[in-house]
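Worksheet: the structure to be examined is printed underneath.
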Amino acid sequence: MRILIAPDSFKHNLTSKEAAAAIEKGVLKAVPSAKIIKRSIADGGEGCIEAIAEHIGGELIRVQVHDPLMRPLAASFLYVKKSRLAVIEMAAANGLTLLTKDELNPLQASTFGTGEMLRAALDLGCERILIGIGGSATNDGGLGMAQALGYRFYDADDRLFIHDMSKAGELCRIDDEQADPRLKSCTIQAASDVFNSLCGESGASFMFGAQKGADAASQALLDMALKHLNQLVIEKYGVDYGSLPGAGAAGGLGFGLMAFTQAQIYSGINLILTMINFEEQVEQADLIITGEGKTDGQTVYGKAVSGIAAMAKKHGVPLLCLSGAVSADCRELYASGVTAIFDAALKPMSLAEAMASAADNLAFISESALRLYQCAITKRKD
1 MRILIAPDSF
11 KHNLTSKEAA
21 AAIEKGVLKA
31 VPSAKIIKRS
41 IADGGEGCIE
51 AIAEHIGGEL
61 IRVQVHDPLM
71 RPLAASFLYV
81 KKSRLAVIEM
91 AAANGLTLLT
101 KDELNPLQAS
111 TFGTGEMLRA
121 ALDLGCERIL
131 IGIGGSATND
141 GGLGMAQALG
151 YRFYDADDRL
161 FIHDMSKAGE
171 LCRIDDEQAD
181 PRLKSCTIQA
191 ASDVFNSLCG
201 ESGASFMFGA
211 QKGADAASQA
221 LLDMALKHLN
231 QLVIEKYGVD
241 YGSLPGAGAA
251 GGLGFGLMAF
261 TQAQIYSGIN
271 LILTMINFEE
281 QVEQADLIIT
291 GEGKTDGQTV
301 YGKAVSGIAA
311 MAKKHGVPLL
321 CLSGAVSADC
331 RELYASGVTA
341 IFDAALKPMS
351 LAEAMASAAD
361 NLAFISESAL
371 RLYQCAITKR
381 KD
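Under the UniProt record's numbering, the first residue of the sequence shown carries the number 1, and numbering increases by one thereafter.
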């Protein structure tokens, strides 16, 4: 039996590679003769670099940037010299995990460090940049990123905007005279698992602001600021980027990337699966096993599991999903190509306990799922 193991990372706990190793351990206990193929995957959040580097190689480039609160930080991105490609995870510079709960402040958090990483990739002569935009701590519409790339933003008194979204509503002029000219000859692809527009009830501020530390008043202020920024961009460039799918990703970084770097927003999982030639492995598999930290009603909308499910369904390959937590509203996945969903939590436990035992629990549920699957196919043959 040829089994393809390709889980997403279990956020803030197991990397995709670690989760795959745990699943393999359980599978081989149930089916020692199985031929295992493991692939790291990601949908635009953590793990993009690992998934792509595993397939095409490259070297990690370490650069000095600024974190969301403009403190010095060392971050890395993948550089593939032969193809002049860079793979960046914005969370490496401006992610939620870089801040403590008390430090979360989307009115002050900036994507400047993300712009610094883009600039470093341009310095290496990259002609294509893939940037994963999941896991952000920011809600600045990409203003910080744009500033790092040479853009300047001014208010009516000609004061320069500096990392304060409470003042963004006062901006009245975009100066792109010093914007990095290399952006025009570089293809930038943003990998996202979120396709919300920039503003409104389903926009960046109201949908995701709370998890970044914004209370109701701050969410409203941020939404107004992003609406104002979008209007400035419309007046300057004649394009309503804010209404496009993905503009609201990463606190509006999707919008900023489109407006200031001419990036295109893609389904992160589809983009990465294509880059690593994943469909070729699906075609050869007898069974696929994937997984993620939490499987719920949102999983079907652009998450890693949904991308794999679409391929599994296309080629008629059974797909098992092993999750750290399962919500009953995930049933739509069955129609999308998932054969069965298993919860790796073996008993009632705290989040800390679940994370501490995640690898062991994943191995156990993998073994159990494979024993059940083996029983089903044996019965079918009889």
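The beta carbon of each residue, even a glycine, is placed where N, CA and C say it ideally should be.
What you are looking at is a predicted structure, and each value in this text was computed from that prediction instead of being measured.
Given this structure, state the Cα-to-Cα distance separating residue 383 from leucine 320, to the nearest angstrom. Absent from the model: residue 383. The displayed extent of the chain is 1 to 382, so no value can be given.
Can isoleucine 341 and serine 323 be called in contact, C-beta distance under 8 Å? yes
Per-residue DSSP class, three states only, for leucine 107: coil
Taking the DSSP output, what are the residues bridged to arginine 2? Lys35
In three-state terms, what does DSSP make of valine 282? helix
Mapping DSSP to helix, strand and coil, what is glycine 125? coil
Could you pull the start and end residues of the beta strand (DSSP E) that aspartate 164 belongs to? Neither: aspartate 164 is in no beta strand (DSSP E) and is coded neither H nor E.
In its own chain, which residues sit with a C-beta less than 7 Å from the C-beta of proline 68, not counting the 5 before and 5 after it? Asn94, Leu98, Leu99, Ala109, Ser110, Ala137, Thr138
Continuous alpha helix (DSSP H) stretch holding phenylalanine 208: start and end: 204–208
With DSSP as the reference, label glutamine 264 as helix, strand or coil. strand
In the structure shown, what three-state DSSP assignment does glycine 213 receive? coil
Would leucine 149 pass as a contact of leucine 183 if the rule is Cβ separation under 8 Å? yes
Beta carbon of aspartate 8 nearer than 8 Å to that of valine 305: yes
Might you give, ordered along the chain, the residues of its own chain that have their beta carbon closer than 7 Å to the beta carbon of serine 76, omitting 5 neighbours on each side? Leu60, Ile61, Arg62, Ala92
Quickly, what does DSSP pair phenylalanine 342 with across the bridge? List them, please. Leu322
Assuming glycine 242 and serine 197 are in contact, meaning their beta carbons sit under 8 Å apart, how far apart are those beta carbons, in whole angstroms? 6 Å
When we look at the beta-carbon of methionine 349 and count the other beta-carbons within 10 Å, is it buried (16 or more) or exposed? exposed
Determine the extent of the beta strand (DSSP E) in which alanine 304 is found, giving its start and end residues. Not the beta strand (DSSP E): alanine 304 falls in the alpha helix (DSSP H), residues 304–315.
Identify which residue in Arg39, Tyr154, Leu253, Ile269 has its Cα closest to the Cα of alanine 263. Leu253
Assuming contact is defined by CB atoms lying nearer than 8 Å, are alanine 22 and alanine 359 in contact in what I supplied? yes
Where does the unbroken alpha helix (DSSP H) through tyrosine 334 begin, and where does it stop? 332–336
So what's glutamine 189 in DSSP terms, helix, strand or just coil? strand
What does DSSP give as the partner residues of tyrosine 154 in its beta bridges? Leu160, Arg173
Buried or exposed: glutamine 281, going by 16 or more other Cβ atoms within 10 Å of its Cβ? buried
Find the nearest neighbour of valine 239 within the set Leu96, Asp223, Gly256, judged by alpha-carbon distance. Gly256
My output table needs one value for histidine 12: the three-state DSSP class, helix, strand or coil. coil
Starting from alanine 148, trace the beta strand (DSSP E) both ways and give me its first and last residue. That residue, alanine 148, is in no beta strand (DSSP E); its alpha helix (DSSP H) goes 143–148.
Alanine 247 - DSSP class collapsed to helix/strand/coil: coil
Check whether the Cβ atoms of aspartate 43 and glycine 246 lie closer than 8 Å to each other. no
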